[in-house]
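Novice: The structure's right below; bear with me while I get my questions together.
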């Protein structure tokens, strides 16, 4: 009888061990680096170990799979026979034939062990680890890492064999959990979260940010025939008059040959001394235009304008011909919506 009682004790121990390995497997796979890294940066040792486990996921999974397999086999070979024997005795005492009692006890013992194994050993820890993956990985990573070091020779053989099989199938093994999302996945998450009410985006800023990459400079630019320009050599007095008449603070400068030599900003013209108000604006006051291709993605164009400090960019086609002007405000409007500013135009005029 003592052996049977030990078998039941082993059943409890093995179910707990199986639950540990199942929980560890799903925790390592489901945890988010974005939740663990700040804690690791703050000095949490558990978080650092958790990150190590997530960066060596193939080793951790090998440990978990090995543990689950061993626990399952031991449950069937140690605990199930003990439970079977404990049930045979009372059945025979009730007068059942030995053969019938043995088969009935075997079926009942198998059903009980299977039920406990699937529910307590598999489903409960799996659901708990999925629901609280970030906390679970912090709790379970340390013993998993220690076991991986203790069982390193076995783990190496298992990993090597599995990787060879994957290579034979044309699959590249991954050693780290993919914690990033594609643009389409993020868009889907935001759309579903907004629909369910867990995320608010009434202004549309988040949606616009996710759609940002879909546009090119050619989509956002003002076509060259609709750009407001001033001629080269315009006087500060005349420039200020146009600012007051049209209301813009920046004007592209027409070089006289249908091209653009740069752009003028009101604040630069205002620095010209009164004695020079009737004279042409000095060439040094004309700011250079950044050059972008019409096919460039709008965020690449924005990055170039930020690097060069230019609020306007000349948009050229594949043949190097200027086809439009990209205004910084137009780019920002793609991200945050309408901006009411005097630097945009729907016309091309040549103030005289």
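Numbering (full-length UniProt numbering), first residue to last: 1 to 352.
Backbone N, C-alpha and C fix where the C-beta goes; we use that ideal spot for every residue, glycine too.
1. Per the DSSP calculation, residue 293 is bridged to which residue(s)?
2. Please classify residue 119: is it buried, with 16 or more other beta-carbons within 10 angstroms of its beta-carbon, or exposed?
3. Residues in its own chain within less than 7 Å of residue 147 by CB, not counting five upstream and five downstream?
4. Is the separation between the beta-carbon of residue 151 and that of residue 53 shorter than 8 Å?
5. From what residue to what residue does the beta strand (DSSP E) around residue 216 run?
6. To the nearest angstrom, how far is the alpha carbon of residue 310 from that of residue 29?
7. Are residue 7 and residue 109 close, meaning C-beta to C-beta below 8 Å?
8. With the cut-off set at 8 Å, would you say residue 233 and residue 280 are in Cβ contact?
9. Just mark residue 320 as buried or exposed, buried being the case when its beta carbon has 16 or more other beta carbons within 10 Å.
10. Do residue 252 and residue 304 have their C-beta atoms within less than 8 Å of each other?
11. Can the beta-carbon of residue 365 be found closer than 8 Å to that of residue 72?
12. Which of the three DSSP states, helix, strand or coil, is assigned to residue 262?
13. Between the alpha carbons of residue 327 and residue 37, how many angstroms are there, rounded?
14. If the criterion is Cβ atoms closer than 8 Å, does the pair residue 96 and residue 23 meet it?
15. Just grab the DSSP bridge partners of residue 250 for me.
16. Roughly how many angstroms separate the alpha carbons of residue 50 and residue 166, rounded to a whole number?
Specialist: Working from what's here:
1. Within the chain shown, numbered from 1, the residue matching residue 293 stands at position 293. Looking at the DSSP assignment, residue 293 forms a beta bridge with 316.
2. Against the chain shown, residue 119 aligns to sequence position 119. It is exposed - the Cβ of residue 119 has fewer than 16 other Cβ atoms within 10 Å.
3. Looking up residue 147 in the chain shown gives position 147. Only 63 meet the Cβ criterion.
4. As a position in the chain shown, residue 151 is number 151, starting the count at 1. As a position in the chain shown, residue 53 is number 53, starting the count at 1. Against a cut-off of 8 Å, the Cβ pair of residue 53 and residue 151 comes out as no contact.
5. For the purposes of this step, residue 216 is taken as residue 216 along the chain shown, with counting starting at 1. From DSSP, residue 216 is part of no beta strand (DSSP E); its letter is neither H nor E.
6. As a first step, residue 310 must be located in the chain shown, where it is residue number 310. As a first step, residue 29 must be located in the chain shown, where it is residue number 29. Distance between the alpha carbons of residue 310 and residue 29 is about 45 Å.
7. As a first step, residue 7 must be located in the chain shown, where it is residue number 7. As a first step, residue 109 must be located in the chain shown, where it is residue number 109. Not closer than 8 Å, so no.
8. Counting from one through the chain shown, the residue named residue 233 turns up at place 233. Counting from one through the chain shown, the residue named residue 280 turns up at place 280. Yes.
9. To locate residue 320, count along the chain shown from 1; it is residue 320. Residue 320 comes out exposed.
10. One-based indexing of the chain shown puts residue 252 at position 252. One-based indexing of the chain shown puts residue 304 at position 304. No.
11. Any question about residue 365 goes unanswered here, given that the chain covers just 1 to 352.
12. Position 262 of the chain shown, counted from the start, is the residue given in the question as residue 262. In this structure, residue 262 counts as strand in the three-state DSSP scheme.
13. Translated into the one-based positions of the chain shown, residue 327 becomes position 327. Translated into the one-based positions of the chain shown, residue 37 becomes position 37. So the two alpha carbons sit approximately 38 Å from each other.
14. By one-based count along the chain shown, residue 96 stands at place 96. By one-based count along the chain shown, residue 23 stands at place 23. No, the pair does not count as a contact, with Cβ atoms beyond the cut-off.
15. Numbered from 1 along the chain shown, position 250 holds the residue referred to as residue 250. Its beta-bridge partners are 265.
16. One-based indexing of the chain shown puts residue 50 at position 50. One-based indexing of the chain shown puts residue 166 at position 166. The alpha-carbon atoms of residue 50 and residue 166 are separated by roughly 26 Å.
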